[in-house]
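J.: There's a structure below that I have some questions on.
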Amino acid sequence: MKPAVPRASRSQLAIMVERVIEGLVYICGISAIIFVFGIFFFVFKEGAPFLAKLNFTEFFFSKEWIPTSSVQPKYGIGALIVGTVSVTALAMLIAVPFGLGAAVFVSEFCTGKTKETLKITIELLAAIPSVVWGFIGLSVMSPVIISVFHVPVGVNLLNAALLLALMSVPIMVSIGEDALKAVPDSYREAGIALGATKWQLIYRVLIPAAKNGLLAAVLLGVGRAIGETMAVLMATGHAVNIPDSIFDPVRTLTATIAAELGETSHGSPHYQVLFLIGVVLFSITAVVNLAADFIVKGIKRK
């Protein structure tokens with residue numbers, strides 16, 4: 035027979051194992067912060083040498099983007115920022131009603147095979163690669179826009195916004211459904227007991243109770259739209275332009291980086307400015323997340 039391990043030794047071993055697990059959990063917890071700051075440091079380090087020569091007013095507000103000029107290059111990203119914001123805003127105007135409406139439908143109205151079929155279809159929609167969405171924009175959406183709206187060009191702001199909306203809807207549906215399912219059943223039972231109809235229950239009880247999760251779903255959709263590259267590169271027309279209507283071609287920050295970074299020499303001013311655009315994108319997403327955090331905290335206090 036093996037000698038019995040003293041109780042004190044077993045307790046010490048358990049304490050050591052617990053401390054090791056706590057250390058691993060702590061490392062996993064702060065690893066996301068480390069990775070985020072590491073990415074930001076890398077991107078900023080590559081673009082920082084150009085800051086001394088950069089005219090910030092021209093950089094942020096000029097719409098002249100001519101980085102390859104051998105005489106007088108221009109590094110104005112004003113039109114690129116407007117293009118990014120306009121495409122994202124229009125995409126969210128289309129995606130939010132459909133995404134949250136589909137989440138409510140799947141969560142509260144669908145049952146059995148219909149619900150499972152819809153969920154699988156939505157998940158498959160999210161699995162389509164962005165380059166395939168770009169081909170759909172070029173070969174399907176562009177002729178439809180030309181024929182329906184009688185415009186000369188089908189690759190434009192509307193085309194890209196429709197694609198981004200379709201790409202964002204699956205995320206909104208998935209997160210929104212989870213938020214609605216997390217509402218306690220007692221809320222539903224109380225609403226029904228008070229004589230609320232199905233729509234009154236959804237509008238007055240479920241949506242207010244799940245508003246934090248629904249807001250998170252919308253913000254994840256915004257992040258998906260802002261960070262998209264290939265679909266907007268192929269569907270926007272990729273023209274440096276401040277749009278006057280939804281049928282004008284535009285260019286986004288992400289598409290500019292994707293299209294031009296591979297053609298620049300390492301360490302050149304053009305190369306450094308593209309990394310500064312990456313810093314701007316990083317800052318925009320940080321502002322969106324911080325604003326969402328403040329909004330959620332304000333909602334919780336109310």
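The numbering used here puts the first residue of the sequence shown at 35, with every later residue one more than the last.
Virtual Cβ for every residue (Gly too), placed ideally from N, Cα, C.
1. Could you name each continuous alpha helix (DSSP H) segment of 4 residues or more that falls completely within the segment 256-304, going from the start of the chain to the end?
2. From the DSSP output, in three-state form, read off Lys97 for me.
3. To the nearest angstrom, how far is it from the Cα of Leu58 to the Cα of Ile64?
4. Okay, do the segment 120-127 and the segment 185-201 touch, 3+ Cβ pairs below 8 Å being the bar?
5. Keeping to the same chain, check which residues put their C-beta closer than 7 Å to that of Met126; ignore five residues upstream and five downstream.
6. What is the DSSP secondary structure of Met50, counted as helix, strand or coil?
7. Taking all protein chains shown into account, decide if Pro131 is buried (16 or more other Cβ within 10 angstroms of its Cβ) or exposed.
8. If we count the other Cβ atoms within 10 Å of its Cβ and call it buried at 16 or more, is Ala227 buried or exposed?
9. Here's a check: name, in chain order, each residue in its chain whose Cβ is nearer than 6 Å to the Cβ of Ala337, leaving out the five neighbours to either side.
10. How is Met35 classed by DSSP in three states: helix, strand or coil?
11. Residues bridged to Lys108 by DSSP?
12. Measure the CB-CB distance between Val138 and Leu47 and report whether it falls below 9 Å.
13. What separation, rounded to the nearest whole angstrom, lies between the Cα atoms of Val325 and Phe78?
14. From Tyr305 to Trp99, what distance separates their C-alpha atoms?
15. Tell me where the alpha helix (DSSP H) around Gly188 begins and ends.
16. Would Val307 and Leu114 qualify as a contact pair, given that the criterion is a beta-carbon distance under 9 Å?
17. Enumerate in chain order the residues of its own chain whose CB-to-CB distance from Val54 is below 6 Å, with the five nearest sequence positions on each side excluded.
18. According to DSSP, simplified to helix, strand and coil, what is Asn193?
19. With burial defined as no fewer than 16 other Cβ atoms inside 10 Å of the residue's Cβ, what is the status of Leu267: buried or exposed?
20. So Met175 and Ala269 are supposed to be a Cβ contact under 8 Å. How far apart are they, rounded?
21. So, under 8 Å CB-CB, Leu253 and Val187 are touching, yes? Tell me the CB distance rounded to an integer number of Å.
22. Measure the alpha-carbon distance for Phe183 versus Gly312 and round it to whole angstroms.
23. Between Val70 and Ser299, what straight-line distance do the alpha-carbon atoms span, to the nearest angstrom?
24. Return the chain-ordered list of same chain residues with a C-beta closer than 7 Å to the C-beta of Met35, the five sequence neighbours on each side being excluded.
25. Report the option in Leu315, Ile154, Gly225, Gly133 whose CA atom is closest to the CA atom of Gly112.
26. Can you name the start and end residues of the alpha helix (DSSP H) that Ile226 belongs to?
27. Rounded to whole angstroms, what's the CA-CA distance from Leu152 to Leu249? Just pull it up for me.
28. Can you give me the start and stop residues for the alpha helix (DSSP H) that Ile236 sits inside?
29. When you compare the CB positions of Val178 and Ile156, do they come within less than 9 Å of one another, or not?
30. Does the beta-carbon distance from Gly415 to Val284 come in below 9 Å?
31. Keeping to the same chain, check which residues put their C-beta closer than 6 Å to that of Gly110; ignore five residues upstream and five downstream.
T.: Reading off the structure:
1. Within the segment 256-304, the runs of alpha helix (DSSP H) that reach at least 4 residues and sit entirely inside it are, in chain order, 264-269, 287-294.
2. Here residue 97 corresponds to residue number 63 of the sequence shown, with the count starting at 1. Looking at Lys97 - three-state DSSP - the assignment turns out to be coil, as it is neither helix nor strand.
3. Your numbering for residue 58 matches position 24 in the sequence shown. Your numbering for residue 64 matches position 30 in the sequence shown. Distance between the alpha carbons of Leu58 and Ile64 is about 10 Å.
4. Contact holds: three or more Cβ-Cβ distances are below 8 Å.
5. Walking along the sequence shown from the start, residue 126 turns up at place 92. So the qualifying residues of the chain are Gly255, Val256, Ala259.
6. Position 16 of the sequence shown, counted from the start, is the residue given in the question as residue 50. Of the three classes helix, strand and coil, the one that applies to Met50 here is helix, per DSSP.
7. Sequence index remark: in the sequence shown, residue 131 carries index 97 (1-based). Under the 10 Å beta carbon count, Pro131 is surrounded by fewer than 16 other beta carbons and is classified as exposed.
8. Counting from 1 along the sequence shown, the entry for residue 227 is found at position 193. A residue is called buried when at least 16 other Cβ atoms come within 10 angstroms of its Cβ; Ala227 does not meet this threshold and is exposed.
9. Nothing can be reported for residue 337: it is not among the residues displayed for the chain, which extend from 35 to 336.
10. For the purposes of this step, residue 35 is identified with residue 1 of the sequence shown, where counting begins at 1. Confidence in Met35 is poor, its pLDDT being 48 and thus under 50, which makes the residue's placement too unreliable to answer from.
11. Against the sequence shown, residue 108 aligns to sequence position 74. Paired residues: Ile100.
12. For the purposes of this step, residue 138 is taken as the residue at position 104 of the sequence shown. For the purposes of this step, residue 47 is taken as the residue at position 13 of the sequence shown. Not a contact, by the Cβ cut-off of 9 Å.
13. As a first step, residue 325 is located in the sequence shown; it is residue number 291 there, counting from the start. As a first step, residue 78 is located in the sequence shown; it is residue number 44 there, counting from the start. The displayed chain sequence assigns Ala, not Val, to residue 325. Those two C-alpha atoms are separated by around 23 Å.
14. In the sequence shown, the residue the question calls residue 305 occupies position 271. In the sequence shown, the residue the question calls residue 99 occupies position 65. Between the C-alpha atoms of Tyr305 and Trp99 there is a straight-line separation of about 14 Å.
15. Working through the sequence shown from its first residue, we reach residue 188 at position 154. Looking at the DSSP string, Gly188 is not in any alpha helix (DSSP H), and its letter there is neither H nor E.
16. Here residue 307 is taken as the residue at index 273 of the sequence shown, counted from 1. Here residue 114 is taken as the residue at index 80 of the sequence shown, counted from 1. Against a cut-off of 9 Å, the Cβ pair of Leu114 and Val307 comes out as no contact.
17. In the sequence shown, residue 54 corresponds to position 20, counting from 1. Spatial neighbours of Val54 in its own chain (CB-CB distance under 6 Å, excluding positions within 5 residues in sequence) are not present.
18. Numbered from its first residue, the sequence shown carries residue 193 at position 159. Three-state DSSP puts Asn193 in a helix.
19. Taking the first residue of the sequence shown as position 1, residue 267 is located at position 233. By the neighbour-count criterion, in which a residue is buried when 16 or more other Cβ atoms sit within 10 angstroms of its Cβ, Leu267 is buried.
20. For the purposes of this step, residue 175 is identified with residue 141 of the sequence shown, where counting begins at 1. For the purposes of this step, residue 269 is identified with residue 235 of the sequence shown, where counting begins at 1. Contact between Met175 and Ala269 holds, since their C-beta atoms are separated by about 7 Å, short of 8 Å.
21. Taking the sequence shown and counting its residues from 1, one reaches residue 253 at position 219. Taking the sequence shown and counting its residues from 1, one reaches residue 187 at position 153. Leu253 to Val187, Cβ: 32 Å. No contact.
22. As a first step, residue 183 must be located in the sequence shown, where it is residue number 149. As a first step, residue 312 must be located in the sequence shown, where it is residue number 278. Put simply, the backbone Cα of Phe183 is about 35 Å away from that of Gly312.
23. Here residue 70 refers to the residue found at position 36 when the sequence shown is read from its first residue. Here residue 299 refers to the residue found at position 265 when the sequence shown is read from its first residue. Taking the straight line from one Cα to the other gives about 26 Å.
24. Residue 35 sits at position 1 when you count from the first residue of the sequence shown. Note on Met35: pLDDT 48, under 50, position unreliable in the model; no value is reported.
25. Here residue 112 is taken as the residue at index 78 of the sequence shown, counted from 1. Distance check between Gly112 and each of Leu315, Ile154, Gly225, Gly133 places Leu315 closest, using alpha-carbon atoms only.
26. Taking the first residue of the sequence shown as 1, we reach residue 226 at position 192. For Ile226, the enclosing alpha helix (DSSP H) stretches over residues 219-227.
27. Within the sequence shown, numbered from 1, the residue matching residue 152 stands at position 118. Within the sequence shown, numbered from 1, the residue matching residue 249 stands at position 215. The straight-line gap from Cα to Cα measures roughly 22 Å.
28. Here residue 236 is taken as the residue at index 202 of the sequence shown, counted from 1. It is not in any alpha helix (DSSP H) - Ile236 carries neither H nor E in the DSSP assignment.
29. Looking up residue 178 in the sequence shown gives position 144. Looking up residue 156 in the sequence shown gives position 122. Not a contact, by the Cβ cut-off of 9 Å.
30. The first residue shown for the chain is 35 and the last is 336, placing residue 415 beyond what the model contains.
31. Along the sequence shown, one-based indexing puts residue 110 at 76. Exclusion of the five residues before and after Gly110 leaves Glu92, Ser96, Lys97, Glu98, Trp99 as the residues of its chain whose Cβ lies within less than 6 Å of its Cβ.
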